[in-house]
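Structure record follows, encoded as structure tokens.
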Amino acid sequence: MNRPNRLKPALLACAAGLTLLAAQPAFAQSVDSAKLLELMVAKGLVTRAEADALLAEATVAPAPAPVLAGGVANGVQTIPYIPQVVRDQIKQELRAELGTQAEAQGWSAPGQTPQWTRGITLSGDVRVRGEGVFMDDNNADVFVDYGAINAGSGQNINDRTPGYVGPAYLNTLEDRQRARIRARFGLKAQIDSWISAELRVATGNDTSPVSTNQTLGGGDEFGKYALWLDRASIRLTPVKDVALDFGRFANPFWTGELLFDEDLNFDGAAVSARRALNPELSVFGTAGTFPIFNTDFNFGSRNAPEGKGGPFESRDKYLLAAQLGLDWNPRDDVRVRAAVGYFNFDGVEGETSRPCQFYEAVCNTDPTRPQFQQFGNTMFPIRNVVPDPQNPATSPENQYFGLASAYEVLNVRASLDFNAFDGVGFRIEGDYVENLGLDETLVRARAVNNLGPSRFIPDPGNSNGVKEVYGPWAGGSSGWAIKLTAGKLDLASRGDWNVHAGYRRLESDAVLDAFADSDFHMGGTNAQGWMVGGAYAFGKNTAVSARWLSGEEVAGAPLSADRLLLDLLTRF
5 MNRPNRLKPA LLACAAGLTL LAAQPAFAQS VDSAKLLELM VAKGLVTRAE
55 ADALLAEATV APAPAPVLAG GVANGVQTIP YIPQVVRDQI KQELRAELGT
105 QAEAQGWSAP GQTPQWTRGI TLSGDVRVRG EGVFMDDNNA DVFVDYGAIN
155 AGSGQNINDR TPGYVGPAYL NTLEDRQRAR IRARFGLKAQ IDSWISAELR
205 VATGNDTSPV STNQTLGGGD EFGKYALWLD RASIRLTPVK DVALDFGRFA
255 NPFWTGELLF DEDLNFDGAA VSARRALNPE LSVFGTAGTF PIFNTDFNFG
305 SRNAPEGKGG PFESRDKYLL AAQLGLDWNP RDDVRVRAAV GYFNFDGVEG
355 ETSRPCQFYE AVCNTDPTRP QFQQFGNTMF PIRNVVPDPQ NPATSPENQY
405 FGLASAYEVL NVRASLDFNA FDGVGFRIEG DYVENLGLDE TLVRARAVNN
455 LGPSRFIPDP GNSNGVKEVY GPWAGGSSGW AIKLTAGKLD LASRGDWNVH
505 AGYRRLESDA VLDAFADSDF HMGGTNAQGW MVGGAYAFGK NTAVSARWLS
555 GEEVAGAPLS ADRLLLDLLT RF
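In the working numbering, the protein residues as written are 5 to 576.
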């Protein structure tokens, strides 16, 4: 082998080393590898093909030389090096793992949240209210507070008993003012395509079913306020346009405040359905059963005769109700709605007890009294008290008071919505209620309130005197209301407004006073009068409103009460 052939491998190795070294930026300024290879080709030391191959390899940047593990040795800092292939593998594994996690939790796309949160909706509202109640100077002051009596341990009605203390009376003469708040926070969860649940808590002075208002200063000075479980329900929608509700939920019926206060929630079960007959006309309906009162499991056990046992029988109360209605949209800007409903309040009528000794703490029909009431319904004493045989004239007669009538309420309701111009709409709505369960003869015999004007008659026990007697029962079984609203019903945007005016007349026993509107007059029934008001939204979902409610009693002694309600409300 001649000498050039023996040197050729060495020269190729040197050329390759120089070419790769020249690819480094610091060395490229002083060495031109292409010229060196061209010189070697001209001298016949390498072929053209070999030179081109070396140049091609030089275009790929070589990986940096590996460095020993980091540390300091002889004053020199070394930095550990991870080969590029390892770094690429790590990145690929991280991308795969994060991609799987993002897909499973639902945050792979910008702005999205984990899957479990997408089925949850939070909502709430806060209202601050200033309220003034203004009593007429000519009001009578003889209105017994039956609600306080029935919520306590009863009232002795024998004023000849030594140490007799009279009943509590309602304030009908002094004006009152108060500041109140209402706060509600709810959660709705879509569990499955046809299963959902709702929870809501709210403020409130007490367990009243018709108000979640909390009076400021109504407890200890600057004391904290309670939150109550306002709703807790499960909804099933097994087929389209059919819903089943179980638990405690919003009023499932389309009703006005003659029958049910807007804050009233229902305990029990309901089924609601809707069906379109054509593009303009739909029918809807709701039916349900709702426990109003459930007897204490141990009711009456303390009165069981010794050796015999046996508590008193149950006195449960239920609402059984059904409603059927029509929705008609003859034009895009017109909607007509009408419905008729039947509401049977089973077991709410008071019952006279079997003979009950004057010293007994519990009589067998005590639970037939209202557990909650407002004002207006006709009452009667329900205990058949056996007096003390030793002192019958002065024997105490501790009484509870029950509802003198049964309640089977027919409700007819209708409304007309018309969107006139520039988002301004009009709504006129009307309600009629009639208590089909009222037995006028029975109520007249029982009634101790809602009586006609008193009169004076000769006193049989005093030939020279007279005595005052009350007139016969003057209550009634029907009620009606009409209301006109102009503007936007939903005050969602700044600048939205509405005004309204209406009139109502609700006789004493047309509906249960416990569940009727709590704001008008004294709250409840046996009232008639006007209402006017308006609202203005000065921000998103935030509005101020004012209402004036002027009512007077329908039957019984004079009682007029006006209310001014000023509200600041925001919702989210």
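Using N, Cα and C, we set each Cβ at its ideal position, and we do this for glycine too.
For residue i, name the three-state secondary structure that DSSP assigns.
{"i": "L25", "result": "Note that L25 scores 48 on pLDDT, short of 50, meaning its location in the model is unreliable; the coordinates nonetheless yield the value given after this. L25: helix per DSSP, three-state reduction."}
{"i": "Q375", "result": "coil"}
{"i": "R52", "result": "helix"}
{"i": "A155", "result": "helix"}
{"i": "S305", "result": "helix"}
{"i": "D513", "result": "coil"}
{"i": "A518", "result": "coil"}
{"i": "E556", "result": "strand"}
{"i": "I124", "result": "strand"}
{"i": "I486", "result": "strand"}
{"i": "A397", "result": "coil"}
{"i": "Y168", "result": "coil"}
{"i": "A46", "result": "helix"}
{"i": "V90", "result": "helix"}
{"i": "D234", "result": "strand"}
{"i": "D300", "result": "coil"}
{"i": "F369", "result": "Checking the sequence shown, residue 369 turns out to be Thr, not Phe. Note: T369 maps to coil in three-state DSSP."}
{"i": "Y363", "result": "coil"}
{"i": "T356", "result": "coil"}
{"i": "A280", "result": "strand"}
{"i": "A57", "result": "helix"}
{"i": "T382", "result": "coil"}
{"i": "Q33", "result": "Residue confidence for Q33 is low, a pLDDT of 43 falling below 50, so the modelled location carries little weight; the figure read from the coordinates is stated next. If DSSP states are grouped into helix, strand and coil, Q33 belongs with coil."}
My guess is that residue i and residue j are in contact by the Cβ rule of under 8 Å, so how many angstroms apart are they, rounded?
{"i": "A294", "j": "L323", "result": "Correcting the residue type first, residue 294 is Phe in the shown sequence and not Ala. Confirmed, about 4 Å."}
{"i": "L126", "j": "R508", "result": "The pair is not a contact, with the Cβ atoms about 36 Å apart (cut-off 8 Å)."}
{"i": "N381", "j": "E412", "result": "So it is not a contact: roughly 14 Å between Cβ atoms."}
{"i": "P242", "j": "G292", "result": "Not confirmed; about 16 Å, so no contact."}
{"i": "S554", "j": "D566", "result": "5 Å"}
{"i": "K192", "j": "E202", "result": "5 Å"}
{"i": "N502", "j": "G538", "result": "7 Å"}
{"i": "P374", "j": "N154", "result": "6 Å"}
{"i": "Y173", "j": "F189", "result": "Not really, about 38 Å apart at Cβ, beyond 8 Å."}
{"i": "A410", "j": "E353", "result": "4 Å"}
{"i": "V214", "j": "D265", "result": "4 Å"}
{"i": "G528", "j": "D517", "result": "3 Å"}
{"i": "T259", "j": "R417", "result": "6 Å"}
Do we get a CB-CB distance below 8 Å when we pair residue i with the residues of chain D?
{"i": "V130", "result": "This model lacks chain D altogether; it includes just one protein chain."}
On the DSSP bridge list, what partners appear for residue i?
{"i": "W258", "result": "Paired residue(s): none; W258 is not in a bridge."}
{"i": "K471", "result": "I461"}
{"i": "R99", "result": "DSSP lists no partner for R99."}
{"i": "N269", "result": "A254"}
{"i": "R239", "result": "S200 and D249"}
{"i": "Q532", "result": "R509 and E556"}
{"i": "R275", "result": "Rather than Arg, the amino acid found at residue 275 in this sequence is Val. According to DSSP, which records beta bridges pairwise, V275 is partnered with L248 and A291."}
{"i": "H525", "result": "Paired residue(s): none; H525 is not in a bridge."}
{"i": "Y540", "result": "W501 and V548"}
{"i": "T574", "result": "V130 and T546"}
{"i": "F138", "result": "D566"}
{"i": "D350", "result": "Y322"}
{"i": "L285", "result": "W332"}
How would you call residue i, buried or exposed, if buried means at least 16 neighbouring beta carbons within 10 angstroms?
{"i": "P476", "result": "exposed"}
{"i": "D435", "result": "buried"}
{"i": "I94", "result": "exposed"}
{"i": "P464", "result": "exposed"}
{"i": "E97", "result": "exposed"}
{"i": "Q403", "result": "buried"}
{"i": "E557", "result": "buried"}
{"i": "K321", "result": "buried"}
{"i": "F576", "result": "exposed"}
{"i": "F425", "result": "exposed"}
{"i": "I161", "result": "buried"}
{"i": "F519", "result": "buried"}
{"i": "G223", "result": "exposed"}
{"i": "I296", "result": "buried"}
{"i": "T445", "result": "exposed"}
{"i": "P385", "result": "buried"}
{"i": "E472", "result": "exposed"}
- Run through the segment 170–231 for me and flag every whole alpha helix (DSSP H) of 4 or more residues, listed as ranges in chain order. none
- Task: Just list the beta strand (DSSP E) runs in the segment 312–348, keeping only unbroken ones of 3 residues or longer that don't cross its boundaries, in chain order.
- Result: 321–335
- Item | Ranges of the beta strand (DSSP E) found wholly within the segment 402–468, counting only runs of at least 3 | 405–407, 411–425, 428–439 and 459–462
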